[in-house]
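*Asks:* First the structure, which I've put down as structure tokens, then a few questions once you've had a look.
Residue numbers (our numbering), protein chains in the order written: chain F, 470 to 1020; chain X, 29 to 200.
Below, the structure is given as structure tokens:
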């Protein structure tokens, strides 16, 4: 884990002091709400429907057990005993008072946590592969480069008042578990033919009103040029991104309007103008960061798998969980375990303070004190010895955290929606809860197979509905909540934007419609064919027919 | 009008605004609009240029006078509102690409909380909006003592410099 040194800490302390002064000036009337707004947003503080919401940054989704305990403490001290893990690997608290927010940030700072740049038109918290450092398919640890980007982008003097928000995602693995092509900049760590470390650079992806899969603008950016290149991209965007229309202000619109080639050549020209010396990250510094992420040597254990199999034979329940909630670790004998925050009928991504304390303890016992947050709103214990899986599973079950549904129909992504959010047109959480209950039968979930259902309460698409196999978008139609259905999106591994099937549904109708889509898939799929494969083969036609021609 | 430097100190005002320049002979310590400067620029020698200021809105392209920019006495970049961050990038470009070493001034709708970022991007003076006390700008300029990234005010990451010297101290 990256641990702040005295220099990182002094900067964080200065931020806490600065924010305390800004809140005081707002409460004293020295700042108007309009002036205060961008300042509080850059500290993650939103004004929502019922109260202030604070979004705490979890850089690249990685937490230590002590940090998790602090998040639990915040939930019970400043909120109503729970927190909400988000699609950007952050955590949100929904019931915050402005006057105590500075104290909250001080408490967080004691354990190297903060809310810096979790909102506002600036470079947001960097997200990354939640399996970084543990996955078998990785070229390099995405957290190392994410931390370098975090430092470069923190309090960036030039890029803190951009046309719109700016999101990075980084993966060092072959399989994309960070949806990098749906970000303003997506970076994939690769090695060249000669073994040099570098990046594929994707720019201008995003969801929202205009969903776009980011085009590749650089197929090999040497690692030494990373910050220089990012600086060039950001400067072109800051100078030329649209500022007259909030819906056209993201970099994806600039890339699209200039064309990929023209945009890329502008970036290249700016890159050439920049003095490389300004952007050097010394090898010592990279190694310092890398060392902090390295874990103690894990002894490969080839025999444990057989012993685990025996144990699993005795428990079909455990088998189901092991099938869906564990993933191959780079060291034989270890597993990456996903803790489901999607209990049947629950609120996706919510965790209580008690659960967070318990997960921190489990991380200490079984996973070298590490926890990760996934953008699909679950948690991960990245380094679990397979010999510990049975005990871990039993403990998680006791905490209602062992739902064996990762990647399945009830592993639903949902934004907070109209229950909390002032931007929403419709509720997301109750829809997700009802779909979850409808497909609660675990056997049938496992039979349906991998299926991403994603729900957004408005076109801002925080629930990633564009990238769901089945996407649901809440809209307001003459004061009524309606739900549009999209099919064919992909956000896991592959990236694709789903298409609207037909007219929308009401609250009851959308739940039935999801069931219709799934039963159609089950009746038309070939043996072994996944939902996304069937859809690709058949197109929308059979689904549309069943959805709309039933009368 | 209060103008401060990046240490938060008041600066004497010698520059005055001129809407339209009638003739160039009397142009001394005046700030022209970009259009007006462009009109006269070919007739001005380096010495006269150094006594002239120019005010740029976010729609003016400084690149149009790229060859002359470094000889100008003062460049004033106007923030149309504090959320529009273009002048930060223009400032960096003016300092780094055009080699401008004169007074780079920030004016318009600016928050005190942006003062340090202005200084880091190469601005040398700030026109303080009437609704804010000067001391708030001074506070903001001192809110952070070091920075992670290089900028116009520092060619290196001060954070990484400090880390290296800390390592050297330990090594000794």
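C-beta atoms are modelled at their ideal positions from N, C-alpha and C, and glycine is treated no differently.
Restricting to Cα atoms, I'd like to know which of F:565, F:536, F:556 and F:545 is closest to residue 583 of chain F.
*Replies:* Checking every option, the nearest Cα to that of residue 583 of chain F belongs to F:536.
*Asks:* In the DSSP assignment, what are the bridge partners of residue 583 of chain F?
*Replies:* Note: residue 583 of chain F sits in a beta bridge opposite F:526.
*Asks:* Do residue 936 of chain F and residue 918 of chain F have their C-beta atoms within less than 7 Å of each other?
*Replies:* No, these two residues do not count as a Cβ contact at 7 Å.
*Asks:* So, are the CB atoms of residue 505 of chain F and residue 495 of chain F less than 7 Å apart?
*Replies:* Cβ atoms of residue 505 of chain F and residue 495 of chain F: closer than 7 Å.
*Asks:* Against chain F, with Cβ distances strictly below 7 Å, would residue 176 of chain X count as a contact?
*Replies:* Yes, because at least one Cβ of chain F sits closer than 7 Å to the Cβ of residue 176 of chain X.
*Asks:* Contact criterion: CB-CB distance below 7 Å. Does residue 476 of chain F meet it with respect to chain X?
*Replies:* So, interface residue.
*Asks:* Enumerate in chain order the residues of its own chain whose CB-to-CB distance from residue 577 of chain F is below 8 Å, with the five nearest sequence positions on each side excluded.
*Replies:* Taken in chain order, the residues that qualify are 525, 539, 543, 583 and 584.
*Asks:* With respect to the alpha helix (DSSP H) encompassing residue 171 of chain X, which residues constitute its N-terminal and C-terminal limits?
*Replies:* From DSSP, residue 171 of chain X is part of no alpha helix (DSSP H); its letter is neither H nor E.
*Asks:* Would you say residue 886 of chain F and residue 948 of chain F are within 7 Å of each other, going by their C-beta atoms?
*Replies:* No, Cβ-Cβ distance for residue 886 of chain F and residue 948 of chain F is not below 7 Å.
*Asks:* With 16 other CB atoms within 10 Å as the buried threshold, where does residue 522 of chain F fall?
*Replies:* Classification for residue 522 of chain F: buried.
*Asks:* When you compare the CB positions of residue 110 of chain X and residue 88 of chain X, do they come within less than 7 Å of one another, or not?
*Replies:* Their beta carbons are not under 7 Å apart, which means residue 110 of chain X does not touch residue 88 of chain X by this criterion.
*Asks:* Which residue's Cα is closest to the Cα of residue 559 of chain F: F:845, F:745, F:868 and F:952?
*Replies:* The candidate whose alpha carbon is nearest that of residue 559 of chain F is F:845.
*Asks:* Would you call the region 622-641 of chain F and the region 590-607 of chain F in contact, with 3 or more CB pairs under 8 Å?
*Replies:* Yes, since at least three Cβ pairs between the region 622-641 of chain F and the region 590-607 of chain F fall closer than 8 Å, the two stretches touch.
*Asks:* Examine chain X for any beta-carbon lying closer than 7 Å to the beta-carbon of residue 630 of chain F, and answer yes or no.
*Replies:* At least one chain X Cβ lies under 7 Å of residue 630 of chain F.
*Asks:* Quick one: grab the DSSP three-state call for residue 671 of chain F.
*Replies:* In the structure shown, residue 671 of chain F sits in a strand (DSSP, three-state: E or B).
*Asks:* What's the C-alpha gap between residue 873 of chain F and residue 788 of chain F?
*Replies:* Roughly 9 Å separates the two Cα atoms.
*Asks:* Please go through the same chain and pick out, in chain order, the residues whose beta-carbon is closer than 7 Å to the beta-carbon of residue 444 of chain F, but skip the five residues on each side of it.
*Replies:* The first residue shown for chain F is 470 and the last is 1020, placing residue 444 of chain F beyond what the model contains.
*Asks:* Please report the straight-line C-alpha distance between residue 551 of chain F and residue 829 of chain F, rounded to a whole angstrom.
*Replies:* Using only the alpha carbons, I get a separation of about 15 Å.
*Asks:* Which residues, in chain order, does the region 721-755 of chain F contribute to contact with chain X at a C-beta distance below 9 Å?
*Replies:* The region 721-755 of chain F vs chain X, Cβ under 9 Å: 742, 743, 744, 746, 747, 748, 749, 750, 751, 753 and 754.
*Asks:* Output needed in chain order: residues of the region 612-642 of chain F with a Cβ under 7 Å from some Cβ in chain X.
*Replies:* Within the region 612-642 of chain F, the residues whose Cβ lies closer than 7 Å to some Cβ of chain X are 620, 621, 623, 624, 625, 626, 627, 629, 630 and 631, listed in chain order.
*Asks:* Within the same chain, show all residues whose beta-carbon is closer than 6 Å to that of residue 598 of chain F, passing over the 5 residues directly before and after it, in chain order.
*Replies:* 611, 640, 642, 646 and 647.
*Asks:* Of the choices X:108, X:112, X:104 and X:144, whose alpha-carbon is the least far from that of residue 122 of chain X?
*Replies:* Per the Cα distances, X:104.
*Asks:* Would you kindly report the start and end of the unbroken beta strand (DSSP E) that includes residue 946 of chain F?
*Replies:* Where residue 946 of chain F is concerned, the enclosing beta strand (DSSP E) stretches over 939-946.
*Asks:* Candidates F:997, F:970 and F:998: which alpha carbon is nearest residue 986 of chain F's?
*Replies:* The shortest C-alpha separation from residue 986 of chain F is found at F:970.
*Asks:* Suppose you measure from the CA of residue 165 of chain X to the CA of residue 946 of chain F; what does that come to, to the nearest Å?
*Replies:* The straight-line gap from Cα to Cα measures roughly 47 Å.
*Asks:* Tell me which residue opens and which closes the alpha helix (DSSP H) that residue 1002 of chain F is part of.
*Replies:* Per DSSP, residue 1002 of chain F belongs to the alpha helix (DSSP H) from 1000-1007.
*Asks:* Please identify, using Cβ separations under 8 Å, the residues of the region 707-718 of chain F that lie next to chain X, in order along the chain.
*Replies:* Of all residues in the region 707-718 of chain F, 707, 708 and 712 have a Cβ within less than 8 Å of some Cβ in chain X.
*Asks:* Out of X:152, X:126, X:161 and X:132, which one is the CA nearest neighbour of residue 141 of chain X?
*Replies:* Considering only alpha carbons, the answer is X:161.
*Asks:* When burial is assigned at 16 or more other CB atoms within 10 Å of the CB, is residue 867 of chain F buried or exposed?
*Replies:* With fewer than 16 other Cβ atoms within 10 Å, it is exposed.
*Asks:* Can we say the region 745-754 of chain F touches the region 771-778 of chain F, given the rule of at least three CB pairs closer than 8 Å?
*Replies:* Segments in contact, no.
*Asks:* Kindly identify the DSSP beta-bridge partner or partners of residue 691 of chain F.
*Replies:* F:667, per the DSSP bridge assignment.
*Asks:* Using C-beta distances below 7 Å, list every residue in its chain close to residue 603 of chain F, excluding the 5 sequence neighbours before and after it, in chain order.
*Replies:* Correct list, in chain order: 798, 799, 805, 851 and 852.
*Asks:* Looking at chain F, is there any beta carbon in it that lies within less than 7 Å of the beta carbon of residue 163 of chain X?
*Replies:* Chain F contact via Cβ: absent.
*Asks:* Taking C-beta pairs closer than 7 Å, name the residues in chain F that residue 172 of chain X reaches, listed in chain order.
*Replies:* Here the neighbours are 480, 483 and 624.
*Asks:* Between which two residues does the alpha helix (DSSP H) containing residue 213 of chain X stretch?
*Replies:* The requested residue 213 of chain X does not occur in the structure, where chain X is confined to residues 29 to 200.
*Asks:* Can you give the Cα-Cα distance for residue 733 of chain F and residue 573 of chain F, rounded to whole angstroms?
*Replies:* Going from the Cα of residue 733 of chain F to the Cα of residue 573 of chain F covers about 43 Å.
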